[in-house]
Amino acid sequence: MQMGPQERKIMRERERIYQQRVQREVDAALRDTGLRLEGEKRTQFEQRYLQERRRIERSLQQEIDSKRQQQLPALQERLKKEFQEPSPGSISAPASSPKK
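Mapping to the numbering used here: the sequence shown position 61 is 97, numbers consecutive.
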């Protein structure tokens, strides 16, 4: 990657914040289950929780991507109509008032 030092620092900070958030969520999930796990069992719980969470997130992302792909053609058509330059002959002259 060709990132500058500041960009790398920002990426590391984002990753650290993400890891902290995930750890808080794992702790909350463990607390919500009412389980009191120590050592290897706790590690296994954390790994399984993260594995299942990633599976759920992938599934949701695929669902979002699918819905987006279904809606993009209509969006593109609306934008095409909105931003399309009128052709020179397509603008009709205003109707003249009847002469008296």
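For every residue, glycine included, the Cβ atom is placed at its ideal position computed from N, Cα and C.
Check: Does DSSP put L115 in a helix, a strand or coil?
Finding: Looking at L115 - three-state DSSP - the assignment turns out to be helix.
Check: For K77, which residues of its own chain have a beta-carbon under 7 angstroms away from its beta-carbon, when the five flanking residues on both sides are left out?
Finding: If we look at K77 and ignore the five residues flanking it on each side, it has no Cβ neighbours.
Item checked: For E51 and R44, the rounded distance between their alpha carbons -> Each residue's alpha carbon lies about 11 angstroms from the other.
Margin query: When you compare the segment 79-94 with the segment 61-69, are there three or more beta-carbon pairs, one atom per stretch, that lie closer than 8 angstroms?
Written below: In short, these stretches touch, since the Cβ pair count reaches three.
Next item on the list: May I have the straight-line CA-CA distance separating Q106 from F119, to the nearest angstrom?
Entry: Taking the straight line from one Cα to the other gives about 21 angstroms.
Next item on the list: Output the distance between the C-alpha atoms of E113 and K103, rounded to the nearest integer angstrom.
Entry: When rounded, the distance between both Cα atoms is 17 angstroms.
Check: Start and end of the alpha helix (DSSP H) containing L66?
Finding: Where L66 is concerned, the enclosing alpha helix (DSSP H) starts and stops at 41-69.
Notebook entry, point to check: What do you get for K136, buried or exposed, if any count of 16 or more other CB atoms within 10 angstroms of its CB means buried?
Noted result: Any reading at K136 must be qualified, since the residue scores a pLDDT of 46, below 50, and its modelled position is unreliable; no value is offered.
Check: What number of angstroms, rounded off, separates the C-alpha of M47 from the C-alpha of F81?
Finding: Roughly 28 angstroms between the two C-alpha positions.
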